[in-house]
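Under the numbering used here, the sequence shown is numbered contiguously, ending at residue 179. One structure is given below, encoded as structure tokens.
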Amino acid sequence: MLTTMNDDAKTGRLSAAERRNELIEAAIHEFAINGLAGSSTEAISAKVGVSQPYIFKLFGTKKKLFLAAYERVITRMEETLDAAAAAHPEDPEGAMMNAYRELLQRRDDQLLQMQAYAAAADDEVRAYVRKREACLYAEVLALTAGDADKARDWIAYGLLWTVGAVLDLPEFMK
């Protein structure tokens, strides 16, 4: 069977899915620095080299782009924690803590997480962030063998470390 390249592959243009991915990564940086209200879709589109209307074609609203960026950050966290716990079944909590320390190097991710909490005055943002944080807690609860005290401690340390990372307070991260 003969296969042919699609037009996008021939021209070197990215598919909508690839462009969406680029926009989410650029949005993580922009929203991390400026928050939902202060961020500009114009700045995000310029970083990726697309028109501003293209963002709205893919995401609908700036808020939906913000939530997609937040989703990427939380999904990255969940996947990292799952992999760490699976790789070290003898000490999943310790492995998750070590993996989370590595995630703290992704400063934009940590800042965006804080921006999502700050944007929770918006009902839609609050509902989405609340749902995803509840899912994250459920995931940590499962990874700690259903021990609610361990899961709460893990989440508490994670939040403390996140604050320490974004404020450059290494004493918070010990």
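The beta carbon of each residue, even a glycine, is placed where N, CA and C say it ideally should be.
Query raised in the report: Along the chain, which unbroken stretches of the alpha helix (DSSP H) at least 4 residues long are found entirely within the segment 25-77?
Result: 46-53, 57-64
Query raised in the report: Using the beta-carbon count (16 or more within 10 Å), is Lys-179 buried or exposed?
Result: Within the sequence shown, the letter at position 174 stands for residue 179. Burial call: exposed.
Query raised in the report: Just the Cα atoms here: how many angstroms apart are Asn-11 and Gly-17?
Result: Taking the first residue of the sequence shown as 1, we reach residue 11 at position 6. Taking the first residue of the sequence shown as 1, we reach residue 17 at position 12. Only weak support exists for where Asn-11 lies, its pLDDT of 47 falling under 50; the coordinates are left without a value.
Query raised in the report: In or out: Asp-128 buried (at least 16 other Cβ within 10 Å) or exposed?
Result: Taking the first residue of the sequence shown as 1, we reach residue 128 at position 123. Classification for Asp-128: exposed.
Query raised in the report: Is there at least one Cβ from chain D nearer than 8 Å to Asp-96's Cβ?
Result: This model lacks chain D altogether, as it is built from one protein chain only.
Report task. Could you tell me if Ala-89 is buried or exposed, where buried requires 16 or more neighbouring beta carbons within 10 angstroms of its beta carbon? Result -> As a position in the sequence shown, residue 89 is number 84, starting the count at 1. Buried, by the Cβ-count rule.
Report task. Quick one: using the 10 Å Cβ neighbour count with 16 as the cut-off for buried, is Ser-44 buried or exposed? Result -> To locate residue 44, count along the sequence shown from 1; it is residue 39. Flag for Ser-44 reads buried.
Query raised in the report: Is it the case that the Cβ atoms of Leu-72 and Val-145 are separated by a distance below 8 Å?
Result: In the sequence shown, residue 72 corresponds to position 67, counting from 1. In the sequence shown, residue 145 corresponds to position 140, counting from 1. Not in contact: Leu-72 and Val-145 (Cβ atoms no closer than 8 Å).
Query raised in the report: Asp-96 by DSSP, collapsed to three states: which one?
Result: Stepping through the sequence shown from its first residue, residue 96 is reached at position 91. The answer is coil: DSSP assigns Asp-96 none of H, G, I, E or B.
Requested in this report: Kindly indicate which three-state DSSP category Gln-110 falls into: helix, strand or coil?
Outcome: Counted from its first residue, the sequence shown places residue 110 at position 105. Gln-110 sits in coil when the DSSP states are folded into three classes, being neither helix nor strand.
Query raised in the report: Is Leu-70 buried or exposed, if buried means 16 or more other CB atoms sit within 10 Å of its CB?
Result: Walking along the sequence shown from the start, residue 70 turns up at place 65. Under this definition Leu-70 is a buried residue.
Query raised in the report: Can the beta-carbon of Ala-21 be found closer than 8 Å to that of Ile-49?
Result: Within the sequence shown, numbered from 1, the residue matching residue 21 stands at position 16. Within the sequence shown, numbered from 1, the residue matching residue 49 stands at position 44. No, the pair does not count as a contact, with Cβ atoms beyond the cut-off.
**Report entry** Thr-66, buried or exposed, once every other Cβ within 10 Å from all chains shown has been counted against 16
**Finding:** If you number the sequence shown from 1, residue 66 lands on position 61. Per the 10 Å Cβ criterion, exposed.
**Report entry** Helix, strand or coil at Thr-149 [DSSP, three-state]
**Finding:** Taking the first residue of the sequence shown as 1, we reach residue 149 at position 144. Three-state DSSP puts Thr-149 in coil, outside helix and strand.
Requested in this report: Give the secondary structure of Arg-137 by DSSP, where H, G and I count as helix, E and B as strand, and everything else as coil.
Outcome: Taking the sequence shown and counting its residues from 1, one reaches residue 137 at position 132. It is helical.
Report task. Determine the DSSP secondary structure at Ile-160, reduced to helix, strand or coil. Result -> To locate residue 160, count along the sequence shown from 1; it is residue 155. In this structure, Ile-160 counts as helix in the three-state DSSP scheme.
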